[in-house]
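Trainee: By my numbering, the letter at position 35 of the sequence shown is numbered 80, and the numbering carries on one by one without gaps. Heads up, the beta-carbon is just placed ideally off N, CA and C, and yes, glycines get one too. Because the structure is a prediction, the values reported are computed rather than measured.
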Amino acid sequence: MYDGSEVACYDQLRLTKRNFHDLCTMLRERCGLSGSVYVTVEEKVAMFLLVVGHGLKMRLLRGTYKQSLGTISTHFSAVLSAILSMHGEFIKLPDANVQPPDDYKWKWFGDALGALDGCHVDVSVPVAAQGRYRNRKQAVTTNMLGVVDWNMKFLYVLPGREGSASDSRFLCDSMRTDRQDAFVVPHGKYYLADAGYTNGPGFLAPFRSTQYHLKEWASSQQQPQTAKELYNLRHSRARNVVERTFGLWKKKWGILRTQSFFDTKDQIRIINACCVLHNFARDRQHMMDNLLLQELDNELASQPIEADDANSIRSVQVTNAWTNFRNQLSDDMFAEYVVAHANLQQ
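(1) Whole-angstrom Cβ separation of Met189 and Val202, contact assumed at under 8 Å?
(2) Starting from Val193, follow its DSSP beta bridges and name the residues at the other end.
(3) What residue from His386, Val52, Glu207 has the CA that sits closest to Ala173's CA?
(4) Buried or exposed: which applies to Met332, given that a residue is buried once 16 or more other Cβ atoms fall within 10 Å of its Cβ?
(5) Can the beta-carbon of Val193 be found closer than 7 Å to that of Val287?
(6) With 16 as the cutoff for other CB atoms within 10 Å, does Lys297 come out buried or exposed?
(7) For the candidate residues Phe370, Arg302, Asn285, Met197, whose alpha-carbon lies nearest to that of Gln330?
(8) Is the CB-CB distance between Val124 and Val90 below 7 Å?
(9) Name the residue from Gly205, Gly163, Phe252 whose alpha carbon lies nearest to the alpha carbon of Asp308.
(10) Taking 7 Å as the limit between beta carbons, can you name the residues of its chain near Asp354, skipping five residues before and five after?
(11) Measure the Cβ-Cβ separation of Gly245 and Tyr235 and say whether it is below 7 Å.
(12) From Glu134 to Gln268, what distance separates their C-alpha atoms?
(13) Considering just the uninterrupted stretch of the beta strand (DSSP E) at Tyr235, what are its terminal residues?
(14) Would DSSP call Leu72 helix, strand or coil?
(15) May I ask you to report which of helix, strand or coil DSSP gives Trp245?
(16) Could you tell me which of Thr70, Leu101, Leu95, His99 sits nearest to Leu86, measuring between CA atoms?
(17) Ends of the alpha helix (DSSP H) at Arg107?
(18) With a threshold of 8 Å on Cβ separation, who are the neighbours of Tyr178 within its own chain once the five nearest residues in sequence on each side are excluded?
(19) Please state whether the Cβ-Cβ distance between Leu200 and Leu138 is less than 7 Å.
(20) Nearest-angstrom Cα distance between Leu275 and Gly292?
(21) If you draw a straight line from the alpha carbon of Arg371 to that of Leu249, how long is it in whole angstroms?
(22) Just to confirm, is the Cβ distance from Ala318 to Ile136 under 7 Å?
(23) Do you know whose CA, among Pro251, Leu101, Ile315, Asn335, lies nearest Trp367's CA?
(24) Where does Thr255 sit, in a helix, a strand or coil, going by DSSP?
(25) Who are the Cβ neighbours of His280 in its own chain at under 6 Å, not counting the five residues just before and after it?
(26) What are the boundary residues of the alpha helix (DSSP H) that includes Ile315?
(27) Would you mind reading off the limits of the alpha helix (DSSP H) that contains Gly133?
(28) Which value, in whole angstroms, describes the spacing of the CA atoms of Gln218 and Gln312?
(29) Just the C-alpha distance for Tyr83 and Ile117, rounded to the nearest angstrom, thanks.
(30) To the nearest angstrom, how far is the alpha carbon of Leu48 from that of Glu88?
(31) Looking at Ala272 and Phe154, is the spacing between their C-beta atoms short of 7 Å?
(32) One question on the structure: do Met26 and His66 come within less than 7 Å of each other, judged by their Cβ atoms?
(33) Whose C-beta lies closer than 6 Å to the C-beta of Ile358 among residues of the same chain, with five residues either side of it excluded?
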């Protein structure tokens with residue numbers, strides 16, 4: 046499949062042919078993944094990608110690769126460990142001086158480094174633990190904190206919390222100073238967050254009790270009438286990058302859409318590995334991924350609007366300065382908007 050057509054390789058392995066071979070080279074030369082007389086590195090990686098790309102059971106690979114179930118499992122674990130060893134190379138917090146792309150959506154958010162949200166991923170857990178992992182939709186999931194940049198790449202991920210855990214409490218946990226992998230926001234910078242998060246230093250949230258979601262604006266067919274409405278509309282358009290990132294990530298890696306047969310610890314490791322693979326491929330195969338994004342955007346437009354989690358973040362304190370910053374930003378937006386519309390009507 047990796048020596049066949051480009052489309053076949055992407056459909057089966059979720060990577061273009063060049064990216065597949067680049068990944069194999071990287072895992073071989075940097076991570077020490079080795080082949081043998083009986084199986085090549087390429088075959089090991091292909092087995093892994095078939096499982097995580099489509100949620101295939103390993104037993105389905107026995108006929109294709111003429112390997113025992115135990116051997117295939119060993120190869121899978123070796124590739125998983127090798128990919129995870131590159132986590133720090135492909136997923137890392139940005140430099141404080143990074144600037145958003147030259148796009149009108151980000152015009153008013155020049156000090157933003159990206160956007161964040163929680164993402165639920167289906168998991169299999171022992172019956173005794175299912176209550177803790179059951180989310181608001183009654184599905185058994187793990188909640189992953191995902192922070193992304195404007196180019197739809199992960200900057201920070203922290204999966205593993207029970208599905209019942211709120212996004213806001215999870216963010217609080219990620220910022221603990223005793224964590225080696227703590228999530229840190231540089232002074233003077235911020236991330237866009239939804240209304241489930243406190244509007245405080247480092248996290249710019251929308252105004253509550255004001256129309257926000259893009260689908261609400263599309264269905265109402267109305268223009269913003271106040272500064273808060275305009276701010277929320279532009280905030281939603283910019284923050285949408287995190288929803289599209291999660292959607293593309295899940296669409297590419299099918300194991301994230303179904304309950305897995307791995308134990309809970311390995312499921313969390315697989316989630317992390319899929320984040321690494323997402324970033325590895327993101328800059329390299331825009332053309333192929335854009336086809337999936339077109340499908341994704343149609344799906345997002347038809348999904349029902351969920352109620353926001355109203356819990357606040359204990360690690361982020363509301364300050365007068367930050368409240369005033371958001372108020373001034375919304376006023377400045379609206380002032381320019383009013384002038385621009387007045388000029389169009391002349």
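Mentor: In short, the structure shows the following:
(1) Within the sequence shown, the letter at position 144 stands for residue 189. Within the sequence shown, the letter at position 157 stands for residue 202. About 6 Å separates the two Cβ atoms, so the contact holds.
(2) For the purposes of this step, residue 193 is taken as the residue at position 148 of the sequence shown. Val193 pairs with Ala160, Phe199.
(3) Taking the sequence shown and counting its residues from 1, one reaches residue 173 at position 128. That would be Glu207, whose Cα lies nearest to the Cα of Ala173.
(4) Working through the sequence shown from its first residue, we reach residue 332 at position 287. Met332 is exposed by the Cβ-count criterion.
(5) Counting from 1 along the sequence shown, the entry for residue 193 is found at position 148. Counting from 1 along the sequence shown, the entry for residue 287 is found at position 242. Cβ atoms of Val193 and Val287: closer than 7 Å.
(6) As a working mapping, residue 297 is identified with position 252 in the sequence shown. Buried.
(7) Taking the first residue of the sequence shown as position 1, residue 330 is located at position 285. Here the closest residue by C-alpha is Met197.
(8) By one-based count along the sequence shown, residue 124 stands at place 79. By one-based count along the sequence shown, residue 90 stands at place 45. A contact, by the Cβ cut-off of 7 Å.
(9) As a first step, residue 308 is located in the sequence shown; it is residue number 263 there, counting from the start. Answer by Cα proximity: Gly205.
(10) If you number the sequence shown from 1, residue 354 lands on position 309. With a pLDDT of 45 at Asp354, under the threshold of 50, the modelled position of that residue is not reliable, and the figure given next carries that caveat. Cβ within range, chain order: Ser211, Asp212, Ser213, Gly241.
(11) Stepping through the sequence shown from its first residue, residue 245 is reached at position 200. Stepping through the sequence shown from its first residue, residue 235 is reached at position 190. It is not a contact, given that the beta carbons lie outside the stated cut-off.
(12) Along the sequence shown, read from residue 1 onward, the residue named residue 134 stands at position 89. Along the sequence shown, read from residue 1 onward, the residue named residue 268 stands at position 223. Each residue's alpha carbon lies about 44 Å from the other.
(13) Taking the sequence shown and counting its residues from 1, one reaches residue 235 at position 190. It spans 235-237 - the beta strand (DSSP E) in which Tyr235 sits, taken as one unbroken run.
(14) Within the sequence shown, residue 72 is the residue found at index 27, counting from 1. Helix, per DSSP.
(15) By 1-based counting over the sequence shown, the position of residue 245 is 200. The question names Trp, but residue 245 in the sequence shown is Gly. Gly245 falls in the strand class under three-state DSSP.
(16) Indexing the sequence shown from 1 puts residue 86 at position 41. Here residue 86 turns out to be Val, not Leu, going by the sequence shown. Ranking the options by Cα distance to Val86, first place goes to Thr70.
(17) The sequence position of residue 107 within the sequence shown is 62, counting from 1. Looking at the DSSP string, the run of the alpha helix (DSSP H) that includes Arg107 is 107-110.
(18) Sequence index remark: in the sequence shown, residue 178 carries index 133 (1-based). For Tyr178, where only same-chain residues beyond five positions count, the Cβ hits under 8 Å are Val168, Val170, Val185, Thr186, Thr187, Glu207, Gly208, Ser209.
(19) Residue numbering aside, residue 200 sits at position 155 when the sequence shown is read from its first letter. Residue numbering aside, residue 138 sits at position 93 when the sequence shown is read from its first letter. Going by C-beta atoms, Leu200 is nearer than 7 Å to Leu138.
(20) By 1-based counting over the sequence shown, the position of residue 275 is 230. By 1-based counting over the sequence shown, the position of residue 292 is 247. Taking the straight line joining both Cα atoms gives about 26 Å.
(21) On the sequence shown, position 326 is the one that residue 371 refers to. On the sequence shown, position 204 is the one that residue 249 refers to. So the alpha carbons of these two residues sit roughly 8 Å apart.
(22) Here residue 318 is taken as the residue at index 273 of the sequence shown, counted from 1. Here residue 136 is taken as the residue at index 91 of the sequence shown, counted from 1. The answer is no: Cβ separation not under 7 Å.
(23) Along the sequence shown, read from residue 1 onward, the residue named residue 367 stands at position 322. Cα-wise, what sits closest to Trp367 is Pro251.
(24) As a first step, residue 255 must be located in the sequence shown, where it is residue number 210. The answer is coil: DSSP assigns Thr255 none of H, G, I, E or B.
(25) By 1-based counting over the sequence shown, the position of residue 280 is 235. Excluding sequence neighbours, His280 sits near Pro251.
(26) Locating residue 315 in the sequence shown gives position 270, where the first residue counts as 1. Unbroken alpha helix (DSSP H) run through Ile315: 309-327.
(27) The sequence position of residue 133 within the sequence shown is 88, counting from 1. First-last of the alpha helix (DSSP H) with Gly133: 132-135.
(28) As a first step, residue 218 must be located in the sequence shown, where it is residue number 173. As a first step, residue 312 must be located in the sequence shown, where it is residue number 267. Gln is not the amino acid found at residue 218; the sequence shown has Asp there. Distance between the alpha carbons of Asp218 and Gln312: 20 Å.
(29) Walking along the sequence shown from the start, residue 83 turns up at place 38. Walking along the sequence shown from the start, residue 117 turns up at place 72. The alpha-carbon atoms of Tyr83 and Ile117 are separated by roughly 12 Å.
(30) As a working mapping, residue 48 is identified with position 3 in the sequence shown. As a working mapping, residue 88 is identified with position 43 in the sequence shown. The sequence as given places Asp at residue 48; Leu does not occur at that position. One C-alpha to the other measures close to 12 Å.
(31) Locating residue 154 in the sequence shown gives position 109, where the first residue counts as 1. Locating residue 272 in the sequence shown gives position 227, where the first residue counts as 1. No, the Cβ-Cβ distance between Phe154 and Ala272 is not below 7 Å.
(32) Within the shown structure, residues of the chain are numbered from 46 to 391, placing residue 26 beyond reach of any answer.
(33) As a working note, residue 358 is residue 313 in the sequence shown. Only weak support is given to the placement of Ile358: the predicted model assigns it a pLDDT of 35, under 50, and the question is left unresolved by the model.
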